[in-house]
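Numbering of the sequence shown is given in our numbering, commencing with residue 32 and proceeding in unit increments.
First up is the structure itself, then whatever we jot down about it.
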Amino acid sequence: MTTSDDVPASIRQEVEALREQIEFHNRQYHMLDRPVIPDAEFDALLTSLEQLEKQYGLQSPDSPTQRVGSEPLPGFVEVRHEIPMLSLEKAFNEEEFAQFESRAAKRVEIEGELEYCCEPKVDGVAVSLIYRDGVLERGATRGDGAKGEDITHNVRTIHDIPLRLIAKKLTGTRIEIRGEIFLGKRGFAALNERARTQESKTYINPRNTAAGAIRQLDSRNTAKLPLQMFCYSVGLVEGLELPESLFEIFTVLDQWGLPTNADRKVCVGSHECLDYCRQLLQKRPQLDYEIDGAVIKLNQLSLQQELGQTARSPRWAIAWKFPAEEKSAKVLDVKFQVGRMGTITPVARLDPVFVGGVTVSNATLHNMAEIKRLKLHIGDTVIVRRAGDVIPQIVQVIERGENRVKVKRPKKCPACDSAVERDGDIQFRCNAGLTCPAQRKQSVIHFASRSAMDIEGLGERLIGQLVDAEAVKNVADIYNLTVEGLSEFERMAEKSAANLVDAIEKSKNTTLSRFLAALGIREVGVATATALANRFGDLQPMIDADAEALQQVPDVGEVVARHVREFFDKPENLDLIAALREAGLKWPVQEARTPASTPLAGQTFVLTGTLERMTRNEAREKLVSLGAKVAGSVSARTKCVVAGESAGSKLTRAEELGVKVLDEQEFVAFLQQHGVKI
Ligand code: IVH
């Protein structure tokens, strides 16, 4: 190989020309949806560039050949934002917007109408991009607003993000572009379609998928996802002058090849802003990306500067939040599903509708009482609502079907035919336990799930086949599966079978809390399992503990203690545990933590809104590990409310009651003070 120093100038020029050409076509294809050459020609250009770069040692991080990702990094590097990344104040109605506007007008002492730049509020993940001399230098997550993580390696794989800006005079400049990375609705649907055909786990919603994708150590994983981006502001600017209004800045960014949202608009006065929001709300279903509102910003930068910011958010912008998306759909049938614990839930089968970013063909009806409340019959047309990662709900019946059919309560279990019993006022239950194939399937699905044993590749469809074929009668049988045996199953190529066997093997090295959560003890989810694991350190002391000792554990009350005891009192469950251990499942034994080593014992926390640096479940686990209880609603007894992004009524309630509120940054610091790793 030639070293890059003695590369002929003509080769350098050719490489440069190819890079420019490829980036041009990349932009035409990915951002403008207007490819001008066939895919094969594009691939040929890329191959030529790859060959030249390799032959002459000209690989460089800003080359389009790098968009496929590279070797995994050992860990994330923390970066400090030179200008903090703030969040936004929210308005849920006209009145709240009017308050925001009059506050702003008073501060800047303007009597006439203010000029705004309005944009869709894209439901994705914030990112900061730094370009030095017009070349992408660093990409970072928002993190807690002050510090984020370096995700340059992942950002480079996103085709919307130019590796170099298209502008001649950027030498000596540094500019920070901020925006939202997201997965489009079509991209998300395609991704799930692929996951379904490959029998791997489907993704819950575009936002979480995008958030997970940009925090990969291995950028080749990020490159597999069709991530997109829209710029929404500029942070630090050095060595160049930008126009005086945000709207004009967007025009410049657009010319530089950065992705900007064409649905932005300048609006004068609150009436125009309101009209903009109404129109955007109407247009929402046609947009190819999820939005949860509009962002209304003062257009003039001089006014933005004059208004400044509070600790959390700028005074010159507000997020106008939209309600969850709704669509109408016809109820084709109502089926009954049997859960892991035998609970029978009615589920409406719908004529498929695209709502909230996914195609919905099933919606839960919760129980028979809900069907009665809705006065729902098969054949009716209903309103379906879907918000974020929530299961689709039926809001109301809007049209009665002509030949509507009443929904009858189930008399027999739809899976095993055994008699159905009433459980309390509104629930029905199949008490056949693990002899019922539906409960068996659900218990295996639960065991393999992400928050339990996390067995990649053991999806619902395959579990259904394995249970039906009696290859898996209980969860311990998973550990007897072989590549040969698995290859017999539908759509199981030898490679996927081998990967699955590897994943099963890997799952044997687990933690006590995962193992406990995987067992599926009634009401013992991840948080309770963590609390139990922390208190007892190992399984045997837990099996030996009486109900009273169990109740010493934070998060465990009388009912949960009874469920735990009932579980360990059944010999068949102890046999199952023995079989799993025999198969090689093991976990590190921890030191048992007494109540004194749980500093938040007796304190109740409430989590609300979206956290950027961890999921709500992880936050819950961390609090529980310190001995706190995590409740679902705020009362005067609540010690503290942790309010993430888009926190709503719980935050308002906390403020009314004078309960302490921590934002994400404060929460992270609080956890760190207590020795919790983030
Ligand atoms: S402006 C000072 N504009 O919403 C904050 N944000 O709730 C500047 N977002 O962290 C944000 N679309 O990640 C702005 N058009 C848009 C946006 C947008 C989505 C996100 C962003 C921000 C969060 C605030």
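Glycine residues also receive a C-beta, built at the ideal position from the N, C-alpha and C atoms.
Asked                                                                                                        : Found
Supposed close pair I349, A674 - CB separation, criterion 8 angstroms                                        : Incorrect: roughly 17 angstroms between the Cβ atoms, too far for contact.
Cβ-Cβ distance between A662 and T635 below 8 angstroms                                                       : yes
Minimum C-alpha distance to T395 - residue among L407, I409, T376                                            : T376
S344 Cβ short of 7 angstroms to the ligand IVH heavy atom set                                                : yes
Separation of R471 from N505, as counted between CA atoms                                                    : 7 angstroms
Contained beta strand (DSSP E) runs [length at least 3] in the region 204-252, N- to C-terminal order        : 205-214
Assigned exposure category for L271 - 16 Cβ within 10 Å defines buried                                       : exposed
Where the beta strand (DSSP E) through K178 begins and ends                                                  : 178-180
L693: first and last residue of the uninterrupted beta strand (DSSP E) it sits in                            : 691-694
From K670, S474, K216, residue whose alpha carbon lies closest to that of Y320                               : K216
The region 179-193 / the region 92-102 touching (three or more Cβ pairs under 8 angstroms)                   : yes
Where Q313 falls: helix, strand or coil (DSSP)                                                               : helix
The beta strand (DSSP E) enclosing I349, as first and last residue numbers                                   : 348-352
Coarse secondary structure for G495, derived from DSSP in three states                                       : helix
Alpha-carbon spacing of L318 relative to D294, whole angstroms                                               : 10 angstroms
Cβ of E613 within 8 angstroms of any chain D Cβ                                                              : Of the protein chains in this structure there is only one, and it is not chain D.
Contact check, Y307 vs C149, beta carbons under 8 angstroms                                                  : yes
Any non-hydrogen atom of the ligand IVH closer than 7 angstroms to L119 Cβ                                   : yes
Residue span of the alpha helix (DSSP H) that contains S159, given as start and end                          : Element bounds for S159: not the alpha helix (DSSP H) but the beta strand (DSSP E), 156-163.
P742: CB within 7 angstroms of a non-hydrogen atom of the ligand IVH                                         : Examination of residue 742 is not possible in this model, given that the chain is present from 32 through 709 alone.
Endpoints, the alpha helix (DSSP H) within which F131 is located                                             : 125-139
Segment limits, beta strand (DSSP E) that includes T412                                                      : 412-417
Option in R134, H112, E207 with minimal Cα separation from D164                                              : E207
Cross-strand partners of M260 (DSSP beta bridge)                                                             : I212
Residue burial classification, Q571 (beta-carbon count within 10 angstroms, cutoff 16)                       : exposed
Buried versus exposed call for N511 [16 or more other C-beta atoms within 10 Å across all chains shown]      : exposed
Distance cut-off 7 angstroms: V153 Cβ against heavy atoms of the ligand IVH                                  : yes
Where E45 falls: helix, strand or coil (DSSP)                                                                : helix
I212 classed as buried or exposed, judged by whether at least 16 other C-beta atoms fall within 10 angstroms : buried
S91 burial status per 10 Å Cβ neighbour count (16 or more: buried)                                           : exposed
Coil, strand or helix - E589 by DSSP                                                                         : helix
Heavy atom of the ligand IVH within 7 angstroms of Y263 beta-carbon                                          : yes
Same chain, Cβ closer than 8 angstroms to T202, five either side skipped, listed in chain order              : D164, G165
Residues bridged to C149 (per DSSP)                                                                          : K296, I327
Endpoints, beta strand (DSSP E) assigned at A662                                                             : 660-662
Whole-angstrom distance between L407 and V326, CA atom to CA atom                                            : 38 angstroms
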